[in-house]
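Residue numbers (this note's numbering): 114 to 150. Working notes, beginning with the structure itself.
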């Protein structure tokens with residue numbers, strides 16, 4: 114169970130990092146900030 118929880122937290126962290134990169138790209142392009150939560 115702890116292993117699946119750890120895998121899930123890693124996946125969430127990876128997804129949030131990806132969202133942050135996408136948000137930074139939109140800000141660089143001059144587009145309004147998008148809330149992906």
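Glycine included, each C-beta is placed from N, C-alpha and C at the ideal position. Computed from a predicted structure; not experimentally measured.
The straight-line gap separating the alpha-carbon atoms of residue 143 and residue 134 is approximately 14 Å. Here DSSP, grouped into helix, strand and coil, assigns residue 142 to coil. Excluding sequence positions up to five before and after residue 118, its CB lies less than 7 Å from no other CB in the same chain.
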